[in-house]
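First up is the structure itself, then whatever we jot down about it.
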Amino acid sequence: MLLGAFATLVGLAAGVPSTSNARAVQAAGDLIVTKVPDYVRPYVVRAYSLDGVRVGSQVYRFPVTGPSSDYAFTLISTAAPASTSLGVLPHTHAIHYENFYCLKGRYALWTSKDNATSGRILTPGDYGAVPHDTTHTFQLLDPFVELVGVIQPGGFEDLFYFLANDNYTSNTNSPFPQGNFSDPGGDSSLIITLEGYDVYAKLTFSPPMDFGANGATEEDAVWHSGSNELASDSQTPFFIAKGYGPKYLAGDKDSSYTIVEPFITSQQSDGNFTEGTMTLSKPATGAKPATYSLPGHTALEVVDGLVSVDVGGFEGTTALSVGDVVFIPANTTFSFWGESVYSKVLYVGAGSDTVDARIRKDAKEWDSATWPQ
1441 MLLGAFATLV GLAAGVPSTS NARAVQAAGD LIVTKVPDYV RPYVVRAYSL
1491 DGVRVGSQVY RFPVTGPSSD YAFTLISTAA PASTSLGVLP HTHAIHYENF
1541 YCLKGRYALW TSKDNATSGR ILTPGDYGAV PHDTTHTFQL LDPFVELVGV
1591 IQPGGFEDLF YFLANDNYTS NTNSPFPQGN FSDPGGDSSL IITLEGYDVY
1641 AKLTFSPPMD FGANGATEED AVWHSGSNEL ASDSQTPFFI AKGYGPKYLA
1691 GDKDSSYTIV EPFITSQQSD GNFTEGTMTL SKPATGAKPA TYSLPGHTAL
1741 EVVDGLVSVD VGGFEGTTAL SVGDVVFIPA NTTFSFWGES VYSKVLYVGA
1791 GSDTVDARIR KDAKEWDSAT WPQ
């Protein structure tokens, strides 16, 4: 019966710290894993290479978990086909701040808080913020949808482990299985069993289904039609369309350019984490990328192009393509750069002194989605 409860709502200890100075140098290939570590260490996971858990037709993989990040944050990849039903029944979280990024396909996302309800159709590159105590739900709209979820603090994957219908593995790295699976739904009376996982049902919420021509439920909403602003506090839900949020340009033509597009800064997270994207130009010949060592953990997921990364303690460079994730623990040196002419990463940083914050210190406000010609 408990497994059925997740169909109603879907969607050990702290790790041992590890730094580049604490181990002998290893080959870069040793970074790549097919099972996420249960302690803190640098690692890379390739897209769809992890086993996952299945709920209905939705497959959840966890490139970053509570144990692998010392419970700083969880990074979730959700791959699934379209559905005529909600992907998850409406609910809130009291402790966890949830973030939705669209990597592939389209999905609808609704938020409701303080008598204000908003809905958006998210397409690749769009983002939605769901702070604490915000009612939310989503619906998958395309034959292949992939959501990237970032949840802070980490450990939220325990809910999915507990309530999954089945484990999922694929010898061909297929993102999700083919076949007829029941959509999330079921006995709402069991929802109370999920409160121990910080999930509180809001079954009276009925999401508005009338989206306007620009993909928003509110007639006056600015969505793919003008600038989107981040919330001014950590309590207000908001949406950022790809390329329409604030942007900051760093670098120059003699090295490389980086455009930081923040979704979450320390202002929106009370200093707990940051998230956004970085657009990377290919470095000039002979240019050396910046090297970072940060007080909090960092994760980068490639969302466009090809990106290379060097990690302290590992000899050699690792190339990452779309959907690949690298996790870098605190106090570990690393550098990253675009290998293709145009590349982009989704970044997540623990705390407020994060890679995006470092880059923005030397950046200027910018109004273009690309760097200078």
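Quick note, the sequence shown lines up with residues 1441 to 1813 if you use our numbering. From the three backbone atoms N, C-alpha and C, an ideal C-beta is built for every residue, glycine too.
Note down the Cα distance separating T1810 from L1543, rounded to an integer number of angstroms. 19 Å
Under 8 Å by Cβ, that's how I've got D1744 and F1774 pegged, so tell me the actual separation to the nearest angstrom. Wrong, their Cβ atoms sit about 20 Å apart, outside the cutoff.
Residues bridged to D1606 [DSSP beta-bridge criterion]: Assignment of beta-bridge partners to D1606 by DSSP yields R1494.
Should the region 1788 to 1801 be regarded as contacting the region 1698 to 1708, the criterion being three or more beta carbon pairs within less than 8 Å? Taking a contact to require three or more Cβ pairs closer than 8 Å, the region 1788 to 1801 and the region 1698 to 1708 qualify as touching.
Just the Cα atoms here: how many angstroms apart are D1650 and S1525? 15 Å
Leaving out the 5 sequence neighbours to the left and right, which residues in its chain are closer than 6 Å to R1501 when beta-carbon positions are compared? L1490, G1492 and S1517
Whole-number beta carbon distance between T1738 and I1768, since they are thought to touch under 8 Å: 5 Å
Contact check, E1806 vs L1720, beta carbons under 8 Å: In the sequence on display, residue 1806 carries Trp and not Glu. Contact flag unset, no.
How close, in whole Å, do the beta carbons of G1619 and D1582 come, if the pair is a contact with beta carbons under 8 Å? Not quite, the Cβ-Cβ distance comes to about 18 Å (not below 8 Å), so this is no contact.
Just to confirm the assignment, what range does the alpha helix (DSSP H) spanning Q1708 have? S1706 to S1709
Three Cβ pairs or more, each shorter than 8 Å: is that satisfied between the region 1530 to 1538 and the region 1565 to 1578? In short, these stretches touch, since the Cβ pair count reaches three.
Exposed unless 16 or more other CB atoms sit within 10 angstroms - verdict on P1735: exposed
Could you name the residues that DSSP lists as bridge partners for L1734? Note: L1734 sits in no beta bridge, so no partner.
Determine the DSSP secondary structure at F1660, reduced to helix, strand or coil. Note that residue 1660 is Asp in the sequence shown, not Phe. Note: D1660 maps to coil in three-state DSSP.
Minimum C-alpha distance to E1741 - residue among L1471, R1486, Y1608 and Q1466: When each option's Cα is compared against that of E1741, the closest is R1486.
For F1831 and N1611, I'd like the C-alpha separation in whole angstroms. There is no way to answer for residue 1831, as the model of the chain reaches only from 1441 to 1813.
Can you tell me the Cα-Cα spacing of V1766 and P1482, whole angstroms? 8 Å
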